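Before any comments, here is the structure.
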Amino acid sequence: MSELFTKNCANCNLNILNKCICLVCGTIVCVQSDCCLKEAVANNENETIGELSYHTINCCYFAGIYLYMHHGTLVLQSEGMGVEVDSCYTNSFGENVSASLTDPEAQFYSRDLAEYTLNADLYAHFKSLMLEGNVIGEIRKREAEDVEVFGNEL
Numbered sequence: 041m042s043e044l045f046t047k048n049c050a051n052c053n054l055n056i057l058n059k060c061i062c063l064v065c066g067t068i069v070c071v072q073s074d075c076c077l078k079e080a081v082a083n084n085e086n087e088t089i090g091e092l093s094y095h096t097i098n099c100c101y102f103a104g105i106y107l108y109m110h111h112g113t114l115v116l117q118s119e120g121m122g123v124e125v126d127s128c129y130t131n132s133f134g135e136n137v138s139a140s141l142t143d144p145e146a147q148f149y150s151r152d153l154a155e156y157t158l159n160a161d162l163y164a165h166f167k168s169l170m171l172e173g174n175v176i177g178e179i180r181k182r183e184a185e186d187v188e189v190f191g192n193e194l
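Position one of the sequence shown corresponds to residue 41 (this note's numbering), numbered consecutively onward.
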């Protein structure tokens with residue numbers, strides 16, 4: 041996992057801090073960065089969208105799940121909406137890797153990742169969202185719970 045932090049964005053070839061890895065195809069994409077903004081048709085209008093949104097449209101058929109490498113969280117995106125959720129990596133106490141970052145300046149990439157393993161139940165949940173085409177349902181559920189939802193700017 042730690043070698044992914046040295047990988048460059050597939051589009052601009054920069055190794056920026058804010059990047060995600062697409063859990064469908066493994067491509068590294070920039071997040072919240074001006075270097076990879078794209079013009080695309082979204083919501084029946086031309087607009088500038090972020091690389092993660094653009095990649096979701098072109099790779100994942102409008103629904104994608106990404107590992108946000110800066111925080112260790114997952115990003116769910118579908119139909120021009122997205123939400124950041126806890127990672128599916130937990131330690132032996134069941135603590136989520138992203139939730140265990142109590143220091144706001146602490147970063148996922150500086151953690152000792154050896155103590156975290158893939159939680160099979162959480163992984164199965166997110167995998168089923170993709171396979172059943174219900175990523176947007178999960179985003180809307182989180183939105184109803186007052187979790188911040190974002191648009192195509194990523």
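Beta carbons are placed, not taken as given, at the ideal position from N, Cα and C, and that holds for glycine.
As the structure is a prediction and not an experimental result, all values here were calculated from the model.
DSSP beta-bridge partners of residue i
i           : result
residue 78  : 89
residue 59  : 70
residue 133 : BP columns for residue 133 are empty, so no partner.
residue 104 : 117
residue 124 : 115
Close-in-space but distant-in-sequence residues of the same chain around residue i (CB under 7 Å, 5 per side omitted)
i           : result
residue 65  : 99
residue 52  : 70, 75, 76
residue 144 : Residue confidence is low: residue 144 scores 45 on pLDDT, short of 50, so the model does not pin down where it sits. Its coordinate-derived value is still stated next. So no residue of the chain qualifies.
Reference residue i; option with closest CA among the options
i           : options           : result
residue 121 : 174, 75, 168      : 174
residue 136 : 118, 160, 57      : 160
residue 131 : 155, 124, 111     : 155
residue 172 : 113, 80, 104, 112 : 104
Close Cβ partners of residue i (< 6 Å) along its chain, the five nearest in sequence each way excluded
i          : result
residue 47 : 68
Beta-carbon proximity of residue i to residue j, cut-off 8 Å
i           : j           : result
residue 34  : residue 60  : Outside the shown range of the chain, which is 41 to 194, sits residue 34, and nothing can be said about it.
residue 55  : residue 70  : no
residue 129 : residue 158 : yes
Close-in-space but distant-in-sequence residues of the same chain around residue i (CB under 8 Å, 5 per side omitted)
i           : result
residue 183 : 121, 123, 189
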